[in-house]
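**Student:** As you go down the protein sequences, you meet chains D and P in turn. Numbered according to our numbering, the first sequence spans residues 2 to 119. Numbered according to our numbering, the second sequence spans residues 478 to 589. All C-beta atoms in this analysis are idealised placements derived from N, C-alpha and C, irrespective of residue type, glycine included. Only a predicted model underlies this, so the values are computations on that prediction, with no experimental measurement involved.
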Amino acid sequence: EAGVAQSPRYKIIEKRQSVAFWCNPISGHATLYWYQQILGQGPKLLIQFQNNGVVDDSQLPKDRFSAERLKGVDSTLKIQPAKLEDSAVYLCASTGGGQGNFPNYGYTFGSGTRLTVV
Amino acid sequence: GDSVTQMEGPVTLSEEAFLTINCTYTATGYPSLFWYVQYPGEGLQLLLKATKADDKGSNKGFEATYRKETTSFHLEKGSVQVSDSAVYFCALSDRLDDKIIFGKGTRLHILP
Chain D
2 EAGVAQSPRY KIIEKRQSVA FWCNPISGHA TLYWYQQILG QGPKLLIQFQ
52 NNGVVDDSQL PKDRFSAERL KGVDSTLKIQ PAKLEDSAVY LCASTGGGQG
102 NFPNYGYTFG SGTRLTVV
Chain P
478 GDSVTQMEGP VTLSEEAFLT INCTYTATGY PSLFWYVQYP GEGLQLLLKA
528 TKADDKGSNK GFEATYRKET TSFHLEKGSV QVSDSAVYFC ALSDRLDDKI
578 IFGKGTRLHI LP
């Protein structure tokens with residue numbers, strides 16, 4: 002099966018500019034996640050979708066970050082305006098398991114978008 | 478809240494040495510436990526998993542056993558290779574909501 006697709010692969014922007022990332026999950030996967038991985042750290046969950054609804058966005062800096070999954074398939078993550086500390090790899094992941102589905106077999110991650118804010 | 482603590486790196490070993498990367502967790506429920514690997518320039522890959530106490534996950538010569546009594550999930554390999562050089566992440570997932578919480582990662586260097 003095809004993996005989780007993300008684009009672009011790399012992006013360099015100046016601070017205060019805006020940027021958007023796109024993710025296409027594995028076909029049929031109801032749950033989609035966006036993670037932020039700052040250099041030298043583990044990935045941190047930004048937002049979790051179940052179909053087109055938000056399950057958890059408690060770690061999303063809502064003053065500048067937004068995400069949507071309008072039709073329950075593709076998702077976009079936007080940063081506006083970007084700050085230097087937003088430089089990171091943004092990972093999208095999907096899983097067929099949703100809330101209450103056991104056991105959890107782990108996710109499939111995309112290759113990520115490396116964002117550099119200068 | 479739930480958390481994962483793993484040994485800090487970098488860890489440098491010679492080829493064919495024995496590897497242990499320690500990982501402990503804190504969770505209110507009975508999480509699933511994972512090891513992910515990130516090779517240079519590549520994305521995250523699931524290395525192995527364990528879903529209940531005393532389960533042993535294994536893959537590519539790596540093993541980890543879910544120890545509920547010590548809340549640990551240490552990664553081991555009997556004889557490492559240069560190609561094992563990567564960053565290794567211990568992680569857990571609360572079965573109730575599926576989100577994954579990662580440790581900070583341990584960078585492993587294997588010398589020929």
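(1) Around the C-beta of D:Gly101, are 16 or more other C-beta atoms found within 10 angstroms, so that it is buried, or is it exposed?
(2) Could you have a look at D:Glu86 and say whether DSSP puts it in helix, strand or coil?
(3) Please confirm whether P:Ser562 and P:Leu585 have their CB atoms less than 7 Å apart.
(4) Taking 6 Å as the limit between beta carbons, can you name the residues of its chain near P:Leu510, skipping five residues before and five after?
(5) Could you tell me whether any Cβ in chain D is nearer than 7 Å to the Cβ of P:Lys537?
(6) Compare the Cα-Cα distances from P:Pro508 to each of P:Ala530, P:Lys537, P:Glu540 and P:Ile498 and report the closest residue.
(7) If you measure beta-carbon to beta-carbon, which residues of the stretch 509-524 of chain P are closer than 7 Å to chain D?
(8) Nearest-angstrom Cα distance between P:Cys500 and D:Arg17?
(9) Determine which residues share a DSSP beta bridge with P:His586 and list them.
(10) In or out: D:Ser76 buried (at least 16 other Cβ within 10 Å) or exposed?
(11) Where does P:Gln483 land, buried or exposed, given buried means 16+ other C-beta within 10 angstroms?
(12) Roughly how many angstroms separate the alpha carbons of P:Leu573 and P:Ala504, rounded to a whole number?
(13) Measuring straight from C-alpha to C-alpha, what distance separates D:Cys136 and D:Lys45?
(14) The beta strand (DSSP E) that contains P:Glu553, what's its start and end?
(15) Tell me the rounded alpha-carbon separation between P:Tyr502 and P:Gly534.
**Tutor:** On the basis of the coordinates in this document:
(1) With a pLDDT of only 39 at D:Gly101, under 50, the local geometry of the prediction cannot be trusted, and no value is derived from it.
(2) helix
(3) Cβ atoms of P:Ser562 and P:Leu585: closer than 7 Å.
(4) Ala527, Tyr543, Phe550 and Leu569
(5) No, no contact with chain D.
(6) P:Ala530
(7) Ser509, Phe511, Gly520, Leu521 and Leu523
(8) 39 Å
(9) In the DSSP output, where bridge partners are listed per residue, P:His586 has P:Thr489.
(10) buried
(11) So P:Gln483 ends up on the buried side.
(12) Low per-residue confidence applies at P:Leu573: pLDDT is 48, beneath 50, and the placement is therefore not dependable, though the value from the model is reported in the following sentence. For P:Leu573 and P:Ala504, the distance between alpha carbons rounds to 12 Å.
(13) Chain D is shown from 2 up to 119; residue 136 of chain D falls before or after that span and cannot be answered.
(14) Leu552 to Lys554
(15) Approximately 16 Å between the Cα atoms of the pair.
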